[in-house]
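Quick note: the sequence shown uses this note's numbering, first residue 8, plus one each step. Note that beta-carbon positions come from the ideal geometry of N, C-alpha and C, so glycine has one too. Owing to the predicted nature of the structure, the values given are computational and were not obtained by experimental measurement. So the structure is just underneath, and the comments pick up after that.
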Amino acid sequence: MREEFARSGAVGTAGGSAMSLAAPTILEHGSDDVRGRLLRPAITGEHTWCQLFSEPGSGSDLAGLTTRADRDGDEWVVSGQKVWNTGAVKADYGMLLARTDWDVPKHRGITWFALPMRQPGVEVRPLRQMNDYSSFNEVFLSDARVPHANVVGEVGGGWAVALTTLMFERTMAAARLAFVPEAAAGRCAAEARAEAEAYAQTYVWYPQRAGRADLVAAAHSDDPVTRQRIAQVVVRERTMRWNAARAQAARRQGRPPGPEGSLAKLAASEVARLSAQAHTALHGAHAMLAGDVVHEILVSVPAVSIAGGTDEVQHNIIGERVLGLPKEPSADADVPFREVRRN
Ligand SMILES: Cc1cc2nc3c(=O)[nH]c(=O)nc-3n(C[C@H](O)[C@H](O)[C@H](O)COP(=O)(O)OP(=O)(O)OC[C@H]3O[C@@H](n4cnc5c(N)ncnc54)[C@H](O)[C@@H]3O)c2cc1C
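Here is the structure:
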């Protein structure tokens, strides 16, 4: 699709989590009404979105979330706290997971909502990161309101909807930014370019968090061990791209995203780490100097192994769904959530 936009010099669809997470999730699970109201503004870039999944007490154990939503007529009233929410400070809508039933096991009492962010019950506080950027936020929800019409999927069926969002997240790495082809000229293109640039501020450090394998590949060293490290990065990075292309081809054939998302995420994490090690070998102690791009890479790379589900969680998914290993034992998967011990 992007190639066609580029060929005609036209401004393409918006990028970011609206286009790469919210839109495909709504397309797969939303009612006709939700699709009719929310898809178009997500695609044009009129609405920006953030993901309100993680909480201080539930990241890897996402199904243990405790933000609550209670029905009040045609609306739901939401209270709780979310954290690490990228871009929330600028978002119009949040992909919200909240608990709507406390008397069923944890995976069955969750609902996926499209939460309007610009309302008094939603307070967004930016967090400062160790690489000095401030992309993610804490979000405090105090009697925030969301129309019942904004439930995506079934009430209590939000876990399946969330898995769809997460599978798209694990395969999206390269689809972050709005798309304005180089050749596009005129006022529309200039405005789209300016908007894309403002939006992209949240993600300026993302190339560094991916490890900048391109800089490693272009580097020279007389040290044979360092040269081996460089070769290793190039090989892994290229294999990762081919695997990503294979997953995209499967999607084009209509197959839903599957565990290959976990493989892609793990590969990205490994490339980032290997690249960071190669940068360190190439630059020595200079790599630690603040202000240098290599320094930014070193303090940004750890994020890849955490965002969208940690490496350990991806290993568990691959073990269970690809290799058919027994499921991790769980003491709380079958008991009503109200009775689950939690801090
Ligand atoms: C750059 C970045 C952007 C993010 N953006 C968003 C966002 O927009 N929206 C959002 O909702 N969240 C976002 N997150 C949060 C992210 O999804 C969570 O940080 C992640 O799921 C891990 O949860 P946690 O931080 O609570 O760690 P924990 O779950 O507390 O994990 C701590 C450690 O324990 C390990 N561990 C936990 N459970 C298991 C297990 N069962 N088996 C083996 N090891 C285990 C983990 O691998 C990890 O090493 C973002 C995070 C980052 C770094």
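Of the listed residues Leu45, Ala49, Thr317, nearest to serine 27 (C-alpha basis): The shortest C-alpha separation from serine 27 is found at Ala49.
Glycine 101, DSSP secondary structure in three states: In the three-state scheme derived from DSSP, where H, G and I count as helix and E and B as strand, glycine 101 is classed as strand.
Cβ-Cβ distance between valine 111 and proline 343 below 8 Å: The Cβ atoms of valine 111 and proline 343 lie closer than 8 Å to each other.
C-beta atoms of cysteine 57 and threonine 107 nearer than 8 Å: Annotated as distal: cysteine 57 and threonine 107, with beta-carbon spacing of 8 Å or more.
4 or more residues per run - each alpha helix (DSSP H) lying fully within the segment 243-331: The qualifying runs are 267-290, 300-307, 318-324.
Coarse secondary structure for alanine 21, derived from DSSP in three states: Correct three-state label for alanine 21: coil.
DSSP-derived helix/strand/coil call for alanine 181: Low per-residue confidence applies at alanine 181: pLDDT is 44, beneath 50, and the placement is therefore not dependable enough to give any value.
Bridge partners - tryptophan 166, DSSP secondary structure assignment: The secondary-structure analysis by DSSP pairs tryptophan 166 with nothing; it has no beta-bridge partner.
Residues sharing a beta bridge with valine 84, DSSP: Asp77, Arg152, per the DSSP bridge assignment.
Beta bridge counterpart(s) of isoleucine 117 as assigned by DSSP: DSSP, once it has assigned bridges, lists Arg106, Gly164 as partnering isoleucine 117.
Residue environment, glutamine 355, which counts as buried when at least 16 other CB atoms sit within 10 Å: Given a span of 8 to 350 for the chain in the structure shown, any question on residue 355 remains unanswerable.
Boundaries (first-last residue) of the beta strand (DSSP E) holding arginine 132: For arginine 132, the enclosing beta strand (DSSP E) has its first and last residue at 129-133.
Classification of alanine 181 by the beta-carbon crowding that lies within 10 angstroms, buried from 16 upward: Low confidence applies here, because alanine 181 scores a pLDDT of 44, under 50, leaving its location unreliable and the question unanswered by this model.
For valine 90, the three-state DSSP class (helix, strand or coil): Valine 90: strand per DSSP, three-state reduction.
DSSP three-state assignment for valine 241, whether helix, strand or coil: Annotated three-state conformation of valine 241 is helix, per DSSP.
With 16 other Cβ atoms within 10 Å as the buried cut-off, status of glycine 268: Its Cβ being crowded by 16 or more others within 10 Å, glycine 268 is buried.
Those residues which DSSP pairs with serine 67 across a bridge: Its beta-bridge partners do not exist; DSSP assigns none.
Closest Cα partner of serine 149 within the set Gly160, Asn138, Ala105, Tyr140: Ala105 is the residue among Gly160, Asn138, Ala105, Tyr140 whose C-alpha sits nearest the C-alpha of serine 149.
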